[in-house]
Each structure stands twice: as structure tokens, then as C-alpha cells.
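Protein chains in written order, with the UniProt record's numbering: chain A, 1 to 324; chain B, 1 to 324. Glycine included, each C-beta is placed from N, C-alpha and C at the ideal position. Everything numeric in this text was worked out from a predicted model, so none of it was measured. Please read the structure below before turning to the comments.
Protein chains: 2
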Amino acid sequence: MRTDNYITVALDGTGGDNVDPQSVASAVRFATVFEPKLKVIVYGDKKLQTALESQKISPDRYQFEYAPVVIAQDEEPRKVISGFLNSAMRLAIEAVKDKKASVAVSSGGTGPLVCLSRHILGVIDSVRPALCAKIPAGPGRYSLMLDLGANALSGSEDMYEFALLGSAAYKSMFNTDRPRVSILNVGTERNKGSAKVKEARDLVESNSKINFVGFVEANNMFCDYADVIVTDGFTGNVALKAAEGVASVFLNAHGIKKFFSMLARPDWLEPWQYNGSMLLGVDGLVVKSHASAGKEAVAVALVQAYKLARQNIVENIKNELKKA
Amino acid sequence: MRTDNYITVALDGTGGDNVDPQSVASAVRFATVFEPKLKVIVYGDKKLQTALESQKISPDRYQFEYAPVVIAQDEEPRKVISGFLNSAMRLAIEAVKDKKASVAVSSGGTGPLVCLSRHILGVIDSVRPALCAKIPAGPGRYSLMLDLGANALSGSEDMYEFALLGSAAYKSMFNTDRPRVSILNVGTERNKGSAKVKEARDLVESNSKINFVGFVEANNMFCDYADVIVTDGFTGNVALKAAEGVASVFLNAHGIKKFFSMLARPDWLEPWQYNGSMLLGVDGLVVKSHASAGKEAVAVALVQAYKLARQNIVENIKNELKKA
Numbered sequence: 001m002r003t004d005n006y007i008t009v010a011l012d013g014t015g016g017d018n019v020d021p022q023s024v025a026s027a028v029r030f031a032t033v034f035e036p037k038l039k040v041i042v043y044g045d046k047k048l049q050t051a052l053e054s055q056k057i058s059p060d061r062y063q064f065e066y067a068p069v070v071i072a073q074d075e076e077p078r079k080v081i082s083g084f085l086n087s088a089m090r091l092a093i094e095a096v097k098d099k100k101a102s103v104a105v106s107s108g109g110t111g112p113l114v115c116l117s118r119h120i121l122g123v124i125d126s127v128r129p130a131l132c133a134k135i136p137a138g139p140g141r142y143s144l145m146l147d148l149g150a151n152a153l154s155g156s157e158d159m160y161e162f163a164l165l166g167s168a169a170y171k172s173m174f175n176t177d178r179p180r181v182s183i184l185n186v187g188t189e190r191n192k193g194s195a196k197v198k199e200a201r202d203l204v205e206s207n208s209k210i211n212f213v214g215f216v217e218a219n220n221m222f223c224d225y226a227d228v229i230v231t232d233g234f235t236g237n238v239a240l241k242a243a244e245g246v247a248s249v250f251l252n253a254h255g256i257k258k259f260f261s262m263l264a265r266p267d268w269l270e271p272w273q274y275n276g277s278m279l280l281g282v283d284g285l286v287v288k289s290h291a292s293a294g295k296e297a298v299a300v301a302l303v304q305a306y307k308l309a310r311q312n313i314v315e316n317i318k319n320e321l322k323k324a
Numbered sequence: 001m002r003t004d005n006y007i008t009v010a011l012d013g014t015g016g017d018n019v020d021p022q023s024v025a026s027a028v029r030f031a032t033v034f035e036p037k038l039k040v041i042v043y044g045d046k047k048l049q050t051a052l053e054s055q056k057i058s059p060d061r062y063q064f065e066y067a068p069v070v071i072a073q074d075e076e077p078r079k080v081i082s083g084f085l086n087s088a089m090r091l092a093i094e095a096v097k098d099k100k101a102s103v104a105v106s107s108g109g110t111g112p113l114v115c116l117s118r119h120i121l122g123v124i125d126s127v128r129p130a131l132c133a134k135i136p137a138g139p140g141r142y143s144l145m146l147d148l149g150a151n152a153l154s155g156s157e158d159m160y161e162f163a164l165l166g167s168a169a170y171k172s173m174f175n176t177d178r179p180r181v182s183i184l185n186v187g188t189e190r191n192k193g194s195a196k197v198k199e200a201r202d203l204v205e206s207n208s209k210i211n212f213v214g215f216v217e218a219n220n221m222f223c224d225y226a227d228v229i230v231t232d233g234f235t236g237n238v239a240l241k242a243a244e245g246v247a248s249v250f251l252n253a254h255g256i257k258k259f260f261s262m263l264a265r266p267d268w269l270e271p272w273q274y275n276g277s278m279l280l281g282v283d284g285l286v287v288k289s290h291a292s293a294g295k296e297a298v299a300v301a302l303v304q305a306y307k308l309a310r311q312n313i314v315e316n317i318k319n320e321l322k323k324a
């Protein structure tokens, strides 16, 4: 739905660990104020409907759809695919399939979200979809990192596909010709690491369209060493959470140290700025918001989804994969 | 060598990315001042000998052995085993084998160090050796984490052995009966993660002597969630380096932010306090110091090695493994 130059985002308003209706509603309000060309279809329960009404958002900027069914984080894939017909997550993804929305946003479980997205939207060129996030790489600079957990474990051929997907996404998002691609490893030397990362390296190096700049170690993840950091879903998820864990130790300091910590924190590390991972590789745009995201973070995910849709990122990725 | 209640540490004075002789020499001085019952045999080149002499350390507290050969970080295992007879790393480990020292300390490459230690000292009960570090878990609290990269990748049975080794080491180091053991995973639910971590979980749970408390996510690594955190060598290395990476972003802030950052940093996060990983599972005590460790960190590794030797940790681990 891009009538009148508007972009419509379909929001699953039910997912997440501690999503309360007021937070979701105020995130919708914030995002629509921030982006004048953004419309939101919100799927959720009666409480969310009431919360949205209390926010006095202009009625031509959002639409509520009653979808009270929630899919548990660890629901079995088989049941996710065949059931939950009236769930907010399923209806948000179907809205993308049916062109009622340009992108779906959900804070629900990664497992169900990936499973339903693949099932409803299909995948591009039989690739294995991956979760890809913008991570900080210095003031005003970003890298893309994938996979962050769409797959419990991925092999070297999957990682080769992640390099293609990440490279295509980076080109589309940052208007660059040859983004620097690296693979996360335990060392930078060629003989370091597991057989899997070495095989992935060989595959990536065999394609001259990929600008491979070598292995990167996790301590250099946030150092602008590369534009695209490729890893398997297990390692990527652990690496990003370990980073979050340390950041929160700093931020959860007590008393005077907490005060200094807030003054010390580089602005570009504010974690809520980076909410909203794309599910790359499915034939439609799906953005995952952090399960424990606060209202600012949900608003950021909505705006991020809006921008990605405005860039036609899925079409751009399809075109790039044809060339690769 | 434990004559007169002294503990002797054999130090490879050559390894590391930026180990300069003055740093090594002043680390030796600092450690011998800090621990009055510590003696050091230092293996290295003429420059190191000169640096040591300039430190005016009491001659009954250290001994210099000329061993100028350095083993490169990424030297081939085959060559490491058969060659480098006069290398500081090899001679330090041989000193442990020959009971001239109770423990060897090296800042050299992980690959050569693990390879030579296994070759010279042998392994206990055919286990797969793992690098194990004390990581911060709050003020005055520590967890042990392993493997941190002794193995490029480890399977579920290896991870079961790491649980036994870590548990035995924790008992010896902290005098606890039933240390809490967890496995690093992408979620805490039983159905989350790779087949490997689930198999490792099943193996660990099948042994009632191990006090398994479930999966832990990387954002809770430093939260005292468990006493022992088990992971494969690839994931563990990435997780710890990602954590270091974020910490250094905070610490490398510029200008006024750097000042606030120093005030904000919790004391118990000072990274040099945690230098010195044990290589568990070999039949002799070997401690790896961080390759880019400064002089404080090398001194901490020497003191850490001294304390581990004083506790007879290798004998304790052997006894524990017999019971398991």
C-alpha cells in the first residue's frame, strides 16, 4: 500500500516479553509524528485498541485490526504454520503478501516469525533467510551484521549467501558500490578458526563481485572494520548479546557511577537506536523488533521499517542476487 | 619445585603481540614483590636478560635461562611439535614436566601453546583440553568460562568434558561443593539452540554429580547466573572478545567522555584483573596470558599462576574426574 506516496507498516502489536499496550500505542504515535508519510495497520487485542484511541492519533494515519491471538516464543513450527489463523503476527505478514502493507514489524519470537515469513512470503532464489541488524561502527557509521539467529546454526554455503544478502542490503541502504565484507572468526590469520569459516571464506573469495576484506575478530565488531559482518546464526546471536551484556553492566551501575556512566556513554552506542533487524532473503519485507524493547525502540523499529520500505530494499536485493 | 614452601613459575618471556622486555621484567619484579613465596624462571633473549638485571630483583627470586627462539602465533602444529627445541615456550612447559617449576606462563599463540602442552605434559583421562578464564560476575564474584579457544570447534561430548573440568576447577578454586554449571545458548528455553548444545545439555543432565542450572544467554554472562559457563571454543572466544570490544569502546572515548568513563567503570570490570586463562585437562599447569597484555596484566597472570599452583589444582581436577 503506497497510495499518495504513503508507506504502510503492518505492526504485530502483541509480541514481546513486556510489550504493554500503552507502550505500543505511544510508539505508533511517535513514529507517525516523526514520519509524516507513515501509516500503520496495528494488529492486536481490545486493550491495545483502547490504548491507541487514547493517544489521539489522526485516524487517517492508523488503522486497528482485531487480532488477539498471540504465538508463544517457543511454539512448534508445525503448529505455527497450520494454526494461529487470527494471530497478529500472521495477519501482519499476510498484509505484506496481499500488498496491504509494504513491511511487517513484530516483537514476537524469532522462531515463529522466521517460520511464518518463509511460509507466507516465500524466499528469494532459494536462499536461507537471515536476521540482519545495523550495528554501531562509530559516530554516524554503521555496519550490517548477519545472521543474528534466524537459523540455529548455518553452514558455510549459508554464510556465503549471507555475504551476498548483506552486501546487497548495504548497497541499497547506504548507496555504496563495493561494501567491505568480512567473516567473524577467532583470529584474522588465514589458518585460524573452524573448517566452516574457512570454507565460507573460500566461497566468498571465489566470487569477485563480493569485496571480501578478510576475517574480523569480535573485539573489532564495532570498529568500522567492515561494512558487512557475516557469521552463523548461533555465533552472531551470542556475540551481539555478549556486547549488550557488557553495555548493560556499565549502564546498570549504581549511585554516582551510574551518573558518570550516563555522561560517559558515547551517543552512538545508545542501544535503542539500533532496534529493528531485517529478515533478509524472504520475498517481502519483515522487521523484527527486540523482544524486550521499550517504547522508543518500537518507534525506532517502525521508522526503520518505513525507511527500508521506501528504499525498495527487497526489489534491490532481488536485482543484486540476479547479478551475483 | 616447591622447596622451602616456594612456588616456582616458568615464564615464557618471548610471546605476545607487543611484549617488550622492560614490560616483562617489571611484571616479574611486581609479581615477586606481591607474592613473597614466588620464584620465577624466565626464558628469553639477551634483551630480556638485560632488562631483568636493570630491575634489581633479588637473585634468589628469579633465574634467567637463555632461550631466544620464538614460535609464531600461527606456526604449523607439526613443526611446533618437532622443532623449536630452544624456544622459550617449549622450555617453560618442559620445566613443568621436569618438576623444575609448578606452572608455565606464556603470552604466545594459543595454537602452539595448546599443541606443545598436550604433547609434553599429556592429557588427563583422554579429555580434550580447554582454555578456562575467570570472568567477572559482580563485585568480588567470579564465574569460570570454557572453552575460550583451545579448540577451533568442539562437539557435544567435548562440552560435557568441559562441564566436568570447569566444575572440578571451580571446586578447587572457590571451595564450593556443587558449583552451578550452565551452557551458553541463544535462549534459555529447552528447545532453543543448535543440536549440539541440546546434546551437550542431555549429557550434562545425565550426570547427577554436575549441578546443571540450564542454558544461559550471552547478555547474562557477567550476571552471576552460573559458576561455570560451558561453550565451544569458537563461540566462547567470540563472546569474550565481543564483550572486550564494547568495554574498549567505553574506555576509548575521547576528551571529557573518557574522563567520565574512567569514573563510571565498575572496579570489578578492570580488564587486566582477569588476565591468565588456565589450560584445563593437561597433566600439568599451564596459564595463558593475553597476547596484548600490558605489564600489569602479565604480573596478574604470574600471581594467578602462583595461586593455582599453590592450590594443587591439577591434582584436585584429577581426583574429581576419577569420581565423575
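Measuring CA to CA, which of the options is closest to residue i?
| i | options | result |
| --- | --- | --- |
| residue 192 of chain B | A:22, A:228, A:25, A:74 | A:74 |
| residue 319 of chain B | B:131, B:167, B:13 | B:167 |
| residue 187 of chain B | B:20, B:220, B:22 | B:220 |
| residue 135 of chain A | B:246, B:25, B:297, B:139 | B:246 |
| residue 15 of chain B | B:61, B:92, B:30 | B:92 |
| residue 175 of chain B | B:13, B:317, B:20 | B:317 |
| residue 35 of chain B | B:26, B:6, B:55, B:243 | B:6 |
| residue 227 of chain B | B:179, B:243, B:234 | B:179 |
| residue 325 of chain A | A:58, A:108, A:116, A:160 | Beyond the ends of chain A as shown, which are 1 and 324, falls residue 325 of chain A; an answer cannot be given. |
| residue 282 of chain B | B:128, B:24, B:57, B:81 | B:128 |
| residue 76 of chain A | A:232, A:116, A:26, A:147 | A:116 |
| residue 156 of chain A | A:56, A:195, A:244, A:285 | A:195 |
| residue 313 of chain B | B:181, B:45, B:102, B:43 | B:102 |
| residue 22 of chain B | B:31, B:47, B:64 | B:47 |
Can the beta-carbon of residue i be found closer than 8 Å to that of residue j?
| i | j | result |
| --- | --- | --- |
| residue 287 of chain B | residue 299 of chain B | no |
| residue 38 of chain A | residue 70 of chain A | no |
| residue 321 of chain B | residue 278 of chain B | no |
| residue 90 of chain B | residue 84 of chain B | yes |
| residue 121 of chain B | residue 150 of chain B | no |
| residue 218 of chain B | residue 241 of chain A | yes |
| residue 238 of chain B | residue 238 of chain A | yes |
| residue 99 of chain A | residue 41 of chain A | no |
| residue 145 of chain B | residue 236 of chain B | yes |
| residue 224 of chain A | residue 126 of chain A | no |
| residue 88 of chain B | residue 96 of chain B | no |
| residue 184 of chain B | residue 280 of chain B | no |
| residue 209 of chain A | residue 67 of chain A | no |
If I follow the unbroken alpha helix (DSSP H) through residue i, where does it start and stop?
| i | result |
| --- | --- |
| residue 314 of chain B | 313–323 |
| residue 93 of chain A | 88–97 |
| residue 21 of chain A | 21–34 |
Let's see if you can read the secondary structure: which residues bound the beta strand (DSSP E) around residue i?
| i | result |
| --- | --- |
| residue 84 of chain B | Neither: residue 84 of chain B is in no beta strand (DSSP E) and is coded neither H nor E. |
| residue 154 of chain A | Segment: none, residue 154 of chain A is in no beta strand (DSSP E) and carries neither H nor E. |
| residue 63 of chain B | 62–66 |
| residue 144 of chain B | 142–146 |
| residue 230 of chain A | 228–230 |
Look up residue i in the DSSP assignment and give the residues it is bridged to.
| i | result |
| --- | --- |
| residue 12 of chain B | B:43, B:106 |
| residue 184 of chain A | A:216 |
| residue 278 of chain A | A:132, A:287 |
| residue 207 of chain A | In DSSP, residue 207 of chain A forms no bridge with anything. |
| residue 329 of chain A | In the structure displayed, chain A extends from 1 to 324; residue 329 of chain A sits before or after that span and is not available. |
| residue 38 of chain A | A:7 |
| residue 123 of chain A | A:282 |
Point to revise | Under 9 Å (Cβ pairs) to chain B, residues found in the stretch 174–195 of chain A | key: 184, 185, 186, 187, 189, 190, 191, 192, 193, 194, 195
Check your understanding: Name the residues in the stretch 152–171 of chain B whose C-beta lies less than 8 Å from a C-beta of chain A; which are they?
Key -> 152, 153
Practice item. Residues of the stretch 126–152 of chain A with a CB closer than 7 Å to any CB of chain B: list them in chain order, please. Key: 149, 152
Review point. Going along the stretch 2–30 of chain A in order, which residues come within less than 9 Å of chain B, judged by CB to CB distance?
Key: none
Point to revise | Positions along the stretch 59–77 of chain B whose CB lies within less than 9 Å of some CB in chain A | key: 73, 74, 76
Exercise for review: Scan the stretch 230–245 of chain B for residues whose Cβ lies nearer than 7 Å to a Cβ of chain A and list them as they occur along the chain.
Suggested key: 234, 235, 237, 238, 239, 241, 242, 243, 244, 245
Practice item. Scan the stretch 204–216 of chain B for residues whose Cβ lies nearer than 9 Å to a Cβ of chain A and list them as they occur along the chain. Key: none
Practice item. Compile a chain-ordered list of the residues in the stretch 312–323 of chain A whose CB is closer than 9 Å to at least one CB of chain B. Key: none
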